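For reference, the structure discussed in these notes is given below.
Protein chains in written order, with the working numbering: chain W, 18 to 349; chain L, -13 to 250.
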């Protein structure tokens, strides 16, 4: 999972071209303009490198933190099939985190350093995971809406100018689209189920709709780095374009489910050929981003607790590996 | 090899009932252990171990589904995998008591996993020769998975046992604490005897001694000490459990119990 909003927060990148010769910078931009992939050993402006490190590592952190809300229901999944599918899904997210950390490492940063940034609060992860999973329907809603929004964001990244990121995204997108269908199928089963199950599905849509809409980040007018990221072909569409695409696809799906989207202003605009939504509560978005969402505290604490509780294990593995290395020459 | 003679023997109505019970036991152990491993997902010491533990959980839940579906068919009362998993209470569960023990720290989980991996390796291997072709086929699939599980668990047993003073002490403590549940692993009862007589299940003497050798070998590599025998006869396979199981089930069965008859 990933959010478009990620590339708009955190430290400011250096201005393009700083510390590099104009000729190199021009050649770099020409390669991007003709859709050539930039590879780890290619020359690149430092600002491009830093932007990618920030975006890819935040994307990786989102996958890892994203394991928590859904993992919350593994032990309570209602059937063995649902349990197996959910474990596999959460495991996929861990796998995405792993490819993404590896992709970021090709830019010259170690995974340990990125994890340190996550745990210290210096790095961000997608705000969507700061919302709680209160019922089983939330597992369906996350797959349907959150993964659905993530796919909108991620498909264009398969064509990102940076080769390792683009290639990681190809596999991730395939898995995400599978997750999205699984989530929708959970919602469909609930929507066709008992009155209590339908109420559960509606309640989940109620709580996840607006946070999902906000996953696309601030509107274009307020998005600081869109223009540069677009020139570098890290980003291909603006936040608002992707958000609209998501809305247009998702509204008919909600109608098919017989669920009501919690937006009294929502309407079909015949002239624009789009669904138009009511105003987004950006105060909520910024509050959650600033650490004041319902689960910011729990999510970070859970990651820190796992890291701390695992320290002795990682130390043991390192000590054993060192002993093995020291034994080898004697055995030879 | 038999456990203490005071154990209550439940007479089986027929060999079909024993057959049901035998397959159910295998399924329950996989299910309960898989459920425990599911608790880890998202909280492991490193990302690789998160993926590894999730993999083990997935395999075990998959095994449970095959065993429980088959058990339901043998029973012939229309219970499917979910009816068996979610609508039985603790005394009807027939898993090894070892499988239901809480996760503890990562080392504790590794020791529990390793002891059961070693057990499953022998049981599944022996079941390849079962006269029950379906059971043999499930065992063949499960055996491949269990070989990987054992690589994971014995690998970590070695790293932790041989790693630091702290890791060695922790994992030895876990071994000392969990060892007592191993008395149940190869203690045959009337169900095992009937299945052995029918050629469906193996005699347990040989798997037991092979288990013991493998355990010694892995412990030596991990520089750990095999604890003394613990004579208490556990009977999880007959539905007599530790206090932990019913807590686990109340969580696992929550939705099915709260919304009876709902489809999910």
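Quick reminder that beta carbons are idealized off the backbone N, C-alpha and C, glycines included.
If you're wondering where the values come from, they're calculated on a predicted model, not measured in any experiment.
Interface partners of residue i on chain W, CB under 8 angstroms
i             : result
residue 88(L) : In chain order: nothing, as chain W lies at least about 13 angstroms away.
residue 58(L) : Chain W residues near residue 58(L): none, gap ~12 angstroms exceeds 8 angstroms.
residue 41(L) : 108
CA-to-CA distance, residue j to residue i, given in whole angstroms
i              : j              : result
residue 220(L) : residue 2(L)   : 25 angstroms
residue 343(W) : residue 141(L) : 18 angstroms
residue 331(W) : residue 39(L)  : 15 angstroms
residue 236(W) : residue 230(W) : 11 angstroms
residue 150(L) : residue 213(W) : 53 angstroms
residue 178(W) : residue 193(W) : 21 angstroms
residue 46(L)  : residue 20(L)  : 5 angstroms
residue 187(L) : residue 8(L)   : 9 angstroms
residue 244(W) : residue 298(W) : 24 angstroms
residue -6(L)  : residue 241(L) : Note that residue -6(L) scores 47 on pLDDT, short of 50, meaning its location in the model is unreliable and no value can be drawn from it.
residue 209(L) : residue 337(W) : 12 angstroms
residue 235(L) : residue 191(W) : 35 angstroms
residue 275(W) : residue 76(W)  : 33 angstroms
residue 29(W)  : residue 268(W) : With a pLDDT of 41 at residue 29(W), under the threshold of 50, the modelled position of this residue cannot be trusted, and the question is left open.
residue 316(W) : residue 95(L)  : 23 angstroms
residue 73(W)  : residue 80(W)  : 11 angstroms
residue 230(L) : residue 74(L)  : 15 angstroms
residue 166(L) : residue 160(L) : 11 angstroms
residue 142(W) : residue 132(W) : 11 angstroms
residue 84(W)  : residue 265(W) : 28 angstroms
residue 144(L) : residue 162(L) : 16 angstroms
residue 185(W) : residue 67(W)  : 18 angstroms
Amino acids of chain L, ordered along the chain, whose beta-carbon sits closer than 9 angstroms to that of residue i
i              : result
residue 337(W) : 144, 145, 146, 147, 148, 149, 150 and 153
residue 319(W) : 28 and 29
residue 211(W) : 245, 247, 248 and 249
Cross-strand partners of residue i (DSSP beta bridge)
i              : result
residue 204(L) : DSSP, once it has assigned bridges, lists no residue as partnering residue 204(L).
residue 221(L) : 226(L)
residue 286(W) : 291(W)
residue 55(W)  : 179(W)
Residue i - DSSP class collapsed to helix/strand/coil
i              : result
residue 292(W) : strand
residue 179(W) : strand
residue 156(W) : helix
residue 24(W)  : With a pLDDT of 47 at residue 24(W), under the threshold of 50, the modelled position of this residue cannot be trusted; read the value that follows with caution. Residue state, collapsed to three classes: helix.
residue 345(W) : helix
residue 232(W) : coil
residue 75(L)  : coil
residue -8(L)  : Because residue -8(L) carries a pLDDT of 45, less than 50, the predicted location of this residue cannot be relied on, and the following value inherits that uncertainty. Coil.
residue 138(L) : helix
residue 253(W) : coil
residue 50(W)  : helix
residue 172(W) : helix
residue 86(W)  : helix
residue 242(L) : helix
residue 227(W) : helix
residue 38(W)  : coil
residue 199(W) : helix
residue 76(W)  : helix
residue 67(L)  : helix
residue 173(L) : coil
residue 95(W)  : coil
residue 29(L)  : coil
Beta-carbon neighbours of residue i, restricted to chain L and to distances below 7 angstroms
i             : result
residue 84(W) : 27 and 28
residue 91(W) : 24 and 27
Within chain L, the residues that residue i reaches when beta carbons sit closer than 8 angstroms
i              : result
residue 191(W) : Neighbours of residue 191(W) on chain L: none; closest Cβ ~18 angstroms, over 8 angstroms.
residue 115(W) : 33, 34 and 37
Chain W residues whose Cβ lies nearer than 9 angstroms to that of residue i
i              : result
residue 205(L) : The premise fails here: residue 205(L) is roughly 15 angstroms from chain W at the closest Cβ pair, so nothing lies under 9 angstroms.
So, does the region 120 to 135 of chain W touch the region 152 to 167 of chain W, judging by three or more C-beta pairs under 8 angstroms? no
Any contact between the region 105 to 115 of chain W and the region 138 to 151 of chain W? By contact I mean 3 or more CB pairs, one from each, below 8 angstroms. no
Could you check whether the region 113 to 128 of chain L touches the region 189 to 202 of chain L, counting it as contact only if at least three pairs of C-beta atoms, one from each stretch, sit closer than 8 angstroms? no
On the three-pair Cβ rule with 8 angstroms, is the region 193 to 204 of chain L touching the region 101 to 121 of chain L? yes
contact_flag[the region 213 to 230 of chain L, the region 162 to 177 of chain L] where n(CB pairs < 8 angstroms) is 3 or more: yes
Given 8 angstroms as the limit, is there contact between the region 9 to 26 of chain L and the region 67 to 80 of chain L, that is, 3 or more CB pairs closer than that? yes
Counting pairs of beta carbons, one from the region 318 to 336 of chain W and one from the region 21 to 38 of chain L, are three or more of them closer than 8 angstroms? yes
Kindly confirm or deny that the region 64 to 71 of chain L and the region 151 to 163 of chain L touch, where touching means at least three C-beta pairs closer than 8 angstroms. no
With three or more beta-carbon pairs closer than 8 angstroms as the criterion, would you say the region 146 to 158 of chain W touches the region 81 to 92 of chain W? yes
Is the number of C-beta pairs between the region 200 to 215 of chain W and the region 269 to 289 of chain W that are closer than 8 angstroms three or more? yes
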